[in-house]
Amino acid sequence: MARSTVSGAPVKSQARRSRALGRLVFLGPGLTYLIVLLLVPLALLLSYIPFRRGRFGGIVYELTGENFTRLIDPLYLDVVLGSLKIATIATVIALLVGYPTAYLIAQLPRKWKTIALVAIVLPFWTNFLVRIYAWIILLSGPGLVNSTLMDLGLIDKPLELLYNQGTIITGLIYSYLPLMVLPLYAAIEKLDPQLREASANLGARPARTFLSVTLPLTLPGVITGCLFVFVPSFGNFVVPELLGGGRSIMVGNLIRDQFLKARDWPFGATLSLALIAVLIVLLLLQAWSARRA
Amino acid sequence: MSRIRYTRRFPAAVMVVGLALAASACGGEAADTTAAVPAASASSAQLNPNADLSKQSVAISVWPGYTPEDLPAKVKSKLGLDLKVALHDTNEIIMAKLTAGSDTGFDVAFVSGQYAQALNEAGLLEPIHPELIPNLANLYPEAKELAYDKGNTFSVPYTWGTTGICYRTDLVKTPPTSWNDILDPPAEALKKVTMMTTERWLALPAIKALGYSVNTKSDDEIAKVKAKLLEAKPKLLGYDDTTFGDKLKSGEAVMVEAWDGWCPTTEKNIKFVVPKEGSDLWVDTMVVLKSSKNKEAAHAFINYILDPEIHGWAAETILYKVPNKAAMDSIDPALKAANAPLQMTPSQLLEGESIVDLGEDSVKFTRLATEVSAK
Chain A
1 MARSTVSGAP VKSQARRSRA LGRLVFLGPG LTYLIVLLLV PLALLLSYIP FRRGRFGGIV
61 YELTGENFTR LIDPLYLDVV LGSLKIATIA TVIALLVGYP TAYLIAQLPR KWKTIALVAI
121 VLPFWTNFLV RIYAWIILLS GPGLVNSTLM DLGLIDKPLE LLYNQGTIIT GLIYSYLPLM
181 VLPLYAAIEK LDPQLREASA NLGARPARTF LSVTLPLTLP GVITGCLFVF VPSFGNFVVP
241 ELLGGGRSIM VGNLIRDQFL KARDWPFGAT LSLALIAVLI VLLLLQAWSA RRA
Chain B
1 MSRIRYTRRF PAAVMVVGLA LAASACGGEA ADTTAAVPAA SASSAQLNPN ADLSKQSVAI
61 SVWPGYTPED LPAKVKSKLG LDLKVALHDT NEIIMAKLTA GSDTGFDVAF VSGQYAQALN
121 EAGLLEPIHP ELIPNLANLY PEAKELAYDK GNTFSVPYTW GTTGICYRTD LVKTPPTSWN
181 DILDPPAEAL KKVTMMTTER WLALPAIKAL GYSVNTKSDD EIAKVKAKLL EAKPKLLGYD
241 DTTFGDKLKS GEAVMVEAWD GWCPTTEKNI KFVVPKEGSD LWVDTMVVLK SSKNKEAAHA
301 FINYILDPEI HGWAAETILY KVPNKAAMDS IDPALKAANA PLQMTPSQLL EGESIVDLGE
361 DSVKFTRLAT EVSAK
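This is the structure:
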């Protein structure tokens with residue numbers, strides 16, 4: 001007993017040291033991965049911004065500010081604003097569809113809950129591109145939907161279901177809806193049913209209960225879900241190309257084209273920075289709302 | 001079947017991206033259709049035709065699927081030298097490697113014509129020593145008339161082709177003959193037409209329909225091209241560089257702008273036509289690097305590629321035309337009969353206008369493409 005009291009201080013600091021070591025062991029692989037494969041390439045990319053484009057891609061080390069002034073060129077600004085609009089619409093619709101779904105799943109008996117959740121993530125078992133192609137097969141002129149409608153005699157000639165902005169939004173919602181439902185489900189599931197009962201006992205109608213109790217308490221889930229849908233939608237370039245038929249471009253296409261077609265790495269990097277800036281603002285908003293909740 | 005499709009389409013895809021890059025790549029100074037004077041010729045190395053090749057090795061960089069997979073073994077048994085094959089997906093990637101330092105480690109590179117021109121202007125190429133490549137005699141005379149390198153002074157052509165309209169014979173009333181058939185499609189093809197997205201090819205139909213040069217730099221002409229493209233946009237199904245063949249097969253599209261090697265003419269109802277207003281001519285070439293320490297072996301390698309057996313492989317496997325008369329004469333007549341693009345003669349090809357690099361003016365086409373797709 002006495003001995004351990006004497007050596008108490010060093011034991012404590014040793015424990016602290018081994019705890020720090022433990023943290024390092026657990027965090028190390030993830031941190032290394034992030035630093036080497038995310039932060040370093042990102043830093044490299046952003047380092048292109050103040051320079052001029054090289055003749056064959058790459059960069060010429062001559063300082064210039066023109067990449068920033070080009071950002072506010074109406075041509076590119078329109079593309080960025082258009083992408084914001086499309087991503088916002090997709091997010092709002094995903095929320096309107098996803099919230100009731102998540103709410104319902106949270107009320108299911110345990111067994112059905114699991115089945116429902118597996119069903120929600122089931123699409124992820126198939127490659128993203130394959131699923132997007134499936135939409136083309138469904139919606140194209142000679143596709144399944146049109147041929148069925150024509151066979152039933154409901155329409156005379158195929159409807160133009162593909163290659164417009166609506167199809168892009170549909171594709172984005174379809175792709176990212178599970179990412180909306182899961183955080184919403186987690187938030188709603190955590191909600192103590194007694195709170196709703198208390199609200200009802202105090203005389204609130206269901207709508208009032210929802211707006212004053214359920215919604216505020218699940219707001220972090222709402223914001224996380226919205227973020228999970230908005231972020232990949234905003235930078236997406238596959239859906240606009242395949243389901244949009246290349247008829248309209250989003251900021252993701254613009255960035256891809258700067259690197260692969262226009263050979264303008266510095267401007268591509270500047271556009272990427274703009275995208276990252278928007279996303280950081282959104283993440284800060286989310287963190288802020290989570291802390292408040 | 002799937003292998004053929006892979007080898008046929010994949011190199012095409014990357015080449016096309018590469019070409020697009022090449023098309024708008026080089027500096028402003030020599031952007032006209034005339035080839036620059038080969039900068040390297042003055043200081044060309046003295047090559048020994050009797051050099052012992054077994055002491056040399058050759059490192060090449062080429063597009064995936066563009067040469068036979070067993071090429072190193074073949075080269076070893078035929079020439080007795082080691083062949084190292086590196087792959088590049090696009091012209092841009094190999095150009096970055098070739099222009100990065102003094103010794104690139106490569107002896108031979110496969111690049112598109114405009115890029116060969118740019119490399120030569122940068123003084124990075126060894127002039128071709130024709131006496132070391134007797135198989136140059138296999139090439140069509142027209143293969144020496146290519147705008148970026150008249151006389152094959154610094155490059156040897158490997159494949160060539162053009163752009164036209166690929167269409168369903170059973171779904172159009174009259175076969176297309178003009179770029180206007182795509183820009184302003186007849187009723188049965190309305191909203192069933194696609195054009196390409198890559199900038200120079202996006203502009204090609206409108207440029208040719210208006211009678212301009214594919215290498216125009218005129219702001220006024222480009223503005224008219226833009227107006228014509230925007231007018232055509234509502235009548236199109238979409239813009240597509242990669243899946244237009246599938247769209248045609250499914251009947252989703254009935255007419256598409258297509259590269260010759262990409263038009264699925266093996267299908268019985270699909271045909272390819274070069275519109276009467278004319279089109280472009282693209283060429284992929286082989287060049288010898290000035291930094292190469294194995295120049296004799298590099299020439300021997302190119303000579304071997306021009307062998308009808310090897311060069312014919314490209315025509316039969318990836319279904320691209322090769323500028324090699326002996327090779328084209330040796331390919332299976334049935335394959336040729338089934339694929340109309342393979343029947344195009346060199347003189348027909350040469351009617352196409354070479355897309356050359358526009359230097360700094362290339363950004364005009366980039367902007368045009370963004371404006372058309374963003375509207």
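Protein chains in written order, with UniProt numbering: chain A, 1 to 293; chain B, 1 to 375. All C-beta atoms, glycine included, are put in the ideal place defined by N, C-alpha and C.
Name the chain A residues whose beta carbon is nearer than 8 Å to that of D240 (chain B)?
-> G245 and G246
Is it buried or exposed for E309 (chain B), if we count other Cβ within 10 angstroms and need 16 for buried?
-> So E309 (chain B) counts as exposed.
Quick one: measure Cβ to Cβ for Y158 (chain B) and T285 (chain B), integer angstroms, because I've assumed they're closer than 8 Å.
-> 6 Å
DSSP-derived helix/strand/coil call for C226 (chain A) | helix
Cβ of Y163 (chain A) within 8 Å of any chain B Cβ = yes
Could you please give the first and the last residue of the uninterrupted beta strand (DSSP E) stretch that includes P157 (chain B)?
-> V156 to G161
Taking C-beta pairs closer than 9 Å, name the residues in chain A that G278 (chain B) reaches, listed in chain order.
-> Per Cβ cutoff of 9 Å: no residues; G278 (chain B) is ~24 Å from chain A at best.
Tell me, please, which residues DSSP counts as bridged to M255 (chain B).
-> B:Y167 and B:V193
Would you kindly work out how many angstroms separate the C-alpha atoms of N269 (chain B) and C166 (chain B), rounded to a whole number?
-> 10 Å
Check V62 (chain B) in the structure and name its three-state DSSP category.
-> strand
Are the C-beta of K192 (chain B) and some C-beta of chain A separated by less than 8 Å?
-> yes
Give the C-beta separation of L237 (chain B) and K271 (chain B) to the nearest angstrom, bearing in mind that I take them to be a contact with Cβ-Cβ under 8 Å.
-> Not confirmed; about 19 Å, so no contact.
Could you please tell me which residues of the segment 125 to 154 of chain A, in chain order, have their CB closer than 7 Å to any CB of chain B?
-> S140, G141 and P142
At a Cβ threshold of 8 Å, is L184 (chain A) touching chain B?
-> no
Check the DSSP bridge columns for Y239 (chain B) and list the partner residues they point to.
-> Answer by DSSP bridge pairing, in chain order: B:M195.
Whose C-beta lies closer than 6 Å to the C-beta of A290 (chain A) among residues of the same chain, with five residues either side of it excluded?
-> P220
Check whether the Cβ atoms of K295 (chain B) and L124 (chain B) lie closer than 8 Å to each other.
-> Taking 8 Å as the Cβ cut-off, K295 (chain B) and L124 (chain B) do not qualify as a contacting pair.
Meets three-Cβ-pair contact criterion under 8 Å: the segment 248 to 262 of chain B and the segment 166 to 175 of chain B | yes
Ignoring anything shorter than 4 residues or poking outside the segment 124 to 178 of chain A, list the alpha helix (DSSP H) runs there in chain order.
-> 128 to 139 and 144 to 151
Along the chain, where does the beta strand (DSSP E) that runs through S47 (chain A) open and close?
-> S47 (chain A) -> no beta strand (DSSP E), and no H or E assigned at all.
Quick one, are the C-beta atoms of P264 (chain B) and G251 (chain B) less than 8 Å apart?
-> no
Kindly indicate the opening and closing residues of the alpha helix (DSSP H) around D78 (chain A).
-> P74 to Q107
On the premise that Y304 (chain B) lies in contact with K78 (chain B), defined as a C-beta separation below 8 Å, what is that separation, rounded to the nearest angstrom?
-> 6 Å between Cβ atoms; contact.
Within the same chain, show all residues whose beta-carbon is closer than 6 Å to that of residue 415 (chain B), passing over the 5 residues directly before and after it, in chain order.
-> Here chain B comprises residues numbered 1 to 375, so residue 415 (chain B) is not present and cannot be evaluated.
Run of the alpha helix (DSSP H) containing T345 (chain B), from where it starts to where it stops | T345 (chain B) -> no alpha helix (DSSP H), and no H or E assigned at all.
Taking the DSSP output, what are the residues bridged to L117 (chain A)?
-> Answer by DSSP bridge pairing: none, since L117 (chain A) is not bridged.
State the DSSP-derived secondary structure class of R196 (chain A), mapped to helix, strand or coil.
-> helix
Report the residue from B:E69, B:N138, B:I128 and B:H311 whose alpha carbon sits nearest the alpha carbon of D149 (chain B).
-> B:I128
Taking a cut of 7 Å between CB atoms, which residues from the segment 250 to 270 of chain B lie near chain A?
-> S250, G251 and E252
Could you tell me whether the Cβ of E62 (chain A) comes closer than 8 Å to any Cβ of chain B?
-> At a cut-off of 8 Å between beta carbons, E62 (chain A) makes no contact with chain B.
Please list the partners that L237 (chain B) has in chain A, where partner means a Cβ-to-Cβ separation under 7 Å.
-> Y163 and G245
If we cut at 8 Å on Cβ distances, does T105 (chain A) have a partner in chain B?
-> Checking the displayed sequence, the identity of residue 105 (chain A) turns out to be Ile instead of Thr. Contact with chain B is absent for I105 (chain A), since none of that chain's Cβ atoms lies less than 8 Å from the residue's Cβ.
On the DSSP bridge assignment, give the partners of A109 (chain B) in chain order.
-> Answer is B:S61 and B:V287.
Starting from Y304 (chain B), trace the beta strand (DSSP E) both ways and give me its first and last residue.
-> That residue, Y304 (chain B), is in no beta strand (DSSP E); its alpha helix (DSSP H) goes K295 to I305.
Using a threshold of 8 Å, state whether the C-beta atoms of T366 (chain B) and E199 (chain B) are closer than that.
-> Between T366 (chain B) and E199 (chain B), the C-beta spacing is below 8 Å.
Chain B contact residues for I249 (chain A), given Cβ-Cβ distances below 8 Å = T370, S373 and A374
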